[in-house]
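Numbering (our numbering), first residue to last: 13 to 764.
Next up, the structure:
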């Protein structure tokens, strides 16, 4: 963006046109009186001259060009302008004027004091600072809203809603923070809240139903589908549960029979073994209990030792048979001694008697053992000899198939997955699902109320759902206000920069430097163009010889427009039906500015190519070149904010009202040619008072002239109206605190 201090005072409309002309290759200004048009052209020409720029002004009306030329001369530019009439061109007086100007320059010395301006650099630094602050305030921040308008819309939300933005718990991730998104999400929140009111919760039990029930089916069909499916699967789950119970009961019965059968067999074997030992003891005597193979002491005295040895071996075989039978069952752990410790019959009697006691004790607790077996029952833990009878693997497959069918039925939102290892756990899981389906059947009484909300909810993206979840958890029931307050607060956080002013502006310092700059303008322009003319003389021998300054005078040549503009940098020329031959011979972009003053059909002229920047000054709007910016310079064109059309002022008035009598508050005060949104009359009722300035500026246009801003403050002061800044950035942080501070300043002023 190009910045230059204005050379004359510019009101907001003229400042906007000047800014547009500086920053666009072609600008069109519309409207304004002839005097106002000439005033603006003077600004362009004077600024161009002090920056070493040449201007070509073309007009279709010779009288208008003559008047403009006179106006420029009246304002100290008579040495730089040249009105080239048709008669002047025909007489070839251009060359004579050119020669006379060069001759005058040759005898003129440049004053070095006029070339250097030590204040302009500081002036431009303050200009940059003020411009950055103003641009930060007036540039669009959110859609077409500038900083203060965005702040005003934020402050317009109820205080309760603004307090909820911290408890909302939303992150900024995924939000674009554009006005378009704001509009879409505001409509979303508006649509969502009435629907949510019918359910009152985000955790309604009917959320367990499959999303396609709500998305793909109408309400009546969805309700009927849900009712039929829930009832059917609840019945099937109940039936499956009964089958499982029956199967477990059957297995428990078979298991008890199995235990009783083998217990009886083991006890019978134990009794037979002990009876056999008692018989042999009677037959062979008490020493038989001490019998050990390999030692002849106990049977050497027998008349028939061989049958005794055989009896001993048979007892060992019966003992091993009992042991193997029991160990194959894996009922409980029993310490059977090894063969090397069982060579004495007495030890067999002792072990068998101990086992008989342990088995009988275990038999008393077999019911508990059966219950434990049922707890861990599955197709892998079932007793092998009972497996064909109970067919548990088929039962498990039936349960898995039922769950798979339920998952594909489109009834439930979450898939069911059986990770249970035992039949009992599977049965309990199915029972839980059955209870869930039965509860959903009862919850269907709310289906018609829940259906619209769930259908709406499922149509939203994850980001939108997160937003609605956050809003559902806040205390404030005005969802739209809470959301908009949060969103605008985030926009302001992003837009807030160091350029947003929060303290007094250096307008007085700027104006003091600008006044000095303005006073030096004539001398600065004179020094620049004297130097340009002398450079022309030094660097071109043809001008020296042509003007007779050399030893031998050459024949005069007709001077070109490019050369002529070096000594007359502001040329005024009337356009005619046919184009000027002189202009046709002029190279493109010779002039820094080409200004067309009410030239018909400007888009068809080739003269625009002669300038780096083009300015069309039009009395009436034109539609031939709509691609280029048009700015109105009519004095009444600015749309200033008022207390009625600006949310910021509405909120300031609401906040400051409690501190003053109603009669002291003045809305839309008309004074010094301005309309000021809010003022507070003096307590002494002697006219005047305090005018509140939003962020320290009066203008509402895209740009302003800071010299004009200062002068308007002085005009207000002359009419007994002091100015007091109210900072929108401070109001955003705490409008009540800012209003108290402003009120305190005004009240202190009243006491003085």
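Beta carbons: idealized from backbone N, C-alpha and C, even for Gly.
**OP:** Take every Cβ of the segment 746–757, pair it with every Cβ of the segment 706–715, and state whether three or more of those distances are shorter than 8 Å.
**Re:** Below 8 Å, too few C-beta pairs join the segment 746–757 and the segment 706–715 to call them touching: fewer than three.
Original post:
How about residue 518 and residue 142: are their beta carbons less than 8 Å apart?
Top reply: Against the chain shown, residue 518 aligns to sequence position 506. Against the chain shown, residue 142 aligns to sequence position 130. Annotated as proximal: residue 518 and residue 142, with beta-carbon spacing under 8 Å.
**OP:** Give every residue of the same chain whose Cβ lies closer than 6 Å to the Cβ of residue 26, excluding the five residues on either side of it in the sequence, and list them in chain order.
**Re:** Counted from its first residue, the chain shown places residue 26 at position 14. Cβ within range, chain order: 52, 645.
Original post:
In the structure shown, what three-state DSSP assignment does residue 264 receive?
Top reply: The residue given as residue 264 occupies position 252 in the chain shown. Reduced to three states, the DSSP call for residue 264 is helix.
**OP:** Find out if the Cβ-Cβ distance for the pair residue 640, residue 38 is shorter than 8 Å.
**Re:** Within the chain shown, numbered from 1, the residue matching residue 640 stands at position 628. Within the chain shown, numbered from 1, the residue matching residue 38 stands at position 26. Yes, these two residues count as a Cβ contact at 8 Å.
**OP:** Could you say which of 225, 67, 138, 146 lies nearest to residue 512 if we only look at CA atoms?
**Re:** Locating residue 512 in the chain shown gives position 500, where the first residue counts as 1. Residue 512 has its Cα closest to that of 146, out of 225, 67, 138, 146.
**OP:** List the endpoints of the continuous beta strand (DSSP E) containing residue 724.
**Re:** Position 712 of the chain shown, counted from the first residue, corresponds to residue 724. Unbroken run through residue 724 is the alpha helix (DSSP H), 718–730; no beta strand (DSSP E).
Subject >> For residue 431, the residue or residues it bridges with in DSSP >> reply: Within the chain shown, the letter at position 419 stands for residue 431. Beta-bridge pairing by DSSP links residue 431 to no other residue.
**OP:** Take residue 741 and list the residues in its own chain whose beta-carbon comes closer than 6 Å to its own, dropping the five residues that flank it on each side.
**Re:** Along the chain shown, one-based indexing puts residue 741 at 729. Only 512, 514 meet the Cβ criterion.
**OP:** Name the one or two DSSP bridge partners that residue 626 has.
**Re:** The count along the chain shown starts at 1 and reaches residue 626 at position 614. For residue 626, which the question treats as bridged, DSSP gives the partners 38, 606.
Subject >> Pairwise C-alpha distance: residue 524 and residue 20 >> reply: Walking along the chain shown from the start, residue 20 turns up at place 8. Walking along the chain shown from the start, residue 524 turns up at place 512. Roughly 14 Å separates the two Cα atoms.
Original post:
In the structure shown, what three-state DSSP assignment does residue 140 receive?
Top reply: Position 128 of the chain shown, counting from 1, holds the residue named residue 140. Residue 140 sits in a helix when the DSSP states are folded into three classes.
**OP:** Measure the alpha-carbon distance for residue 220 versus residue 407 and round it to whole angstroms.
**Re:** Residue 220 sits at position 208 when you count from the first residue of the chain shown. Residue 407 sits at position 395 when you count from the first residue of the chain shown. One Cα belongs to residue 220, the other to residue 407, and the distance between them is close to 27 Å.
Subject >> residue 31 versus residue 692 - alpha carbon distance >> reply: Counting from 1 along the chain shown, the entry for residue 31 is found at position 19. Counting from 1 along the chain shown, the entry for residue 692 is found at position 680. In this structure, the alpha-carbon of residue 31 lies about 34 Å from that of residue 692.
Original post:
Is the CB-CB distance between residue 246 and residue 446 below 8 Å?
Top reply: To locate residue 246, count along the chain shown from 1; it is residue 234. To locate residue 446, count along the chain shown from 1; it is residue 434. Yes, they are a contact pair.
Original post:
Looking only at DSSP bridge pairs, what is residue 701 linked to?
Top reply: Mapped onto the chain shown, residue 701 falls at position 689. In the DSSP assignment, residue 701 forms a beta bridge with 693, 733.
**OP:** Return the chain-ordered ranges of every beta strand (DSSP E) run that is complete within the segment 46–115 and spans a minimum of 3 residues.
**Re:** Scanning the segment 46–115 from its first residue to its last, the whole beta strand (DSSP E) runs of 3-plus residues come out as 67–71, 93–96.
Subject >> Host alpha helix (DSSP H) of residue 497 (start-end) >> reply: Taking the first residue of the chain shown as 1, we reach residue 497 at position 485. Element bounds for residue 497: 491–507.
**OP:** From the DSSP output, in three-state form, read off residue 158 for me.
**Re:** If you number the chain shown from 1, residue 158 lands on position 146. In this structure, residue 158 counts as coil in the three-state DSSP scheme.
Subject >> Separation of residue 261 from residue 356, as counted between CA atoms >> reply: What you label residue 356 is simply residue 344 of the chain shown in a count that begins at 1. What you label residue 261 is simply residue 249 of the chain shown in a count that begins at 1. Their backbone Cα atoms lie some 47 Å apart in a straight line.
Original post:
Between which two residues does the alpha helix (DSSP H) harbouring residue 415 extend?
Top reply: In the chain shown, the residue the question calls residue 415 occupies position 403. Residue 415 -> alpha helix (DSSP H) spans 404–419.
Original post:
What is the residue span of the alpha helix (DSSP H) that residue 681 lies within?
Top reply: Position 669 of the chain shown holds residue 681. From DSSP, residue 681 is part of no alpha helix (DSSP H) but of the beta strand (DSSP E) over 677–683.
Original post:
Between the C-alpha atoms of residue 258 and residue 388, what's the straight-line distance to the nearest angstrom?
Top reply: Counting from 1 along the chain shown, the entry for residue 258 is found at position 246. Counting from 1 along the chain shown, the entry for residue 388 is found at position 376. Approximately 16 Å, taken between the alpha carbons.
**OP:** Would you give the residue range spanned by the alpha helix (DSSP H) that residue 740 belongs to?
**Re:** Here residue 740 is taken as the residue at index 728 of the chain shown, counted from 1. Residues 740–763.
Subject >> Counted within 10 angstroms of its Cβ, other Cβ atoms place residue 344 as buried (16 or more) or exposed >> reply: Locating residue 344 in the chain shown gives position 332, counting from the first residue. With fewer than 16 other Cβ atoms within 10 Å, it is exposed.
Subject >> Local Cβ density within 10 Å of residue 485, reported as buried at 16 or more and exposed below that >> reply: Mapped onto the chain shown, residue 485 falls at position 473. Counting every other CB atom within 10 Å of its CB across the protein chains shown gives residue 485 a total below 16, marking it as exposed.
Original post:
Quick one: what's residue 586 bridged to in DSSP?
Top reply: Taking the chain shown and counting its residues from 1, the one referred to as residue 586 is at position 574. According to DSSP, residue 586 bridges with 71.
**OP:** Report all residues from its chain with a CB closer than 7 Å to the CB of residue 118; omit the five preceding and five following residues, and keep chain order.
**Re:** Translated into the one-based positions of the chain shown, residue 118 becomes position 106. The beta carbon of residue 118 is closer than 7 Å to those of 549 in its chain, skipping five residues each way along the sequence.
Original post:
Is the distance from the Cβ of residue 394 to the Cβ of residue 271 below 8 Å?
Top reply: By 1-based counting over the chain shown, the position of residue 394 is 382. By 1-based counting over the chain shown, the position of residue 271 is 259. If you check the CB distance, residue 394 and residue 271 do not come in under 8 Å.
Original post:
Among 720, 240, 411, which residue has its Cα nearest to the Cα of residue 782?
Top reply: Because the chain in this structure spans residues 13 to 764, residue 782 falls outside the shown range and cannot be described.
**OP:** Using beta-carbon positions only, say whether residue 536 and residue 131 come within less than 8 Å of one another.
**Re:** Taking the first residue of the chain shown as 1, we reach residue 536 at position 524. Taking the first residue of the chain shown as 1, we reach residue 131 at position 119. No; because the gap between Cβ atoms is not below 8 Å, this pair is not in contact.
**OP:** Compute the distance between the beta-carbons of residue 135 and residue 24, then report whether it is under 8 Å.
**Re:** As a first step, residue 135 is located in the chain shown; it is residue number 123 there, counting from the start. As a first step, residue 24 is located in the chain shown; it is residue number 12 there, counting from the start. It is not a contact, given that the beta carbons lie outside the stated cut-off.
Original post:
If you run the structure through DSSP and keep just helix, strand and coil, what is residue 644?
Top reply: For the purposes of this step, residue 644 is taken as residue 632 along the chain shown, with counting starting at 1. Three-state result, residue 644: strand.
**OP:** Rounded to whole angstroms, what's the CA-CA distance from residue 92 to residue 516? Just pull it up for me.
**Re:** To locate residue 92, count along the chain shown from 1; it is residue 80. To locate residue 516, count along the chain shown from 1; it is residue 504. One Cα belongs to residue 92, the other to residue 516, and the distance between them is close to 41 Å.
Original post:
DSSP state of residue 710, grouped into three classes?
Top reply: Residue numbering aside, residue 710 sits at position 698 when the chain shown is read from its first letter. In this structure, residue 710 counts as coil in the three-state DSSP scheme.
**OP:** Would you mind sorting residue 707 into buried or exposed? The rule is 16 or more other CB atoms within 10 Å of its CB.
**Re:** Mapped onto the chain shown, residue 707 falls at position 695. The residue is buried, with at least 16 neighbouring Cβ atoms inside 10 Å.
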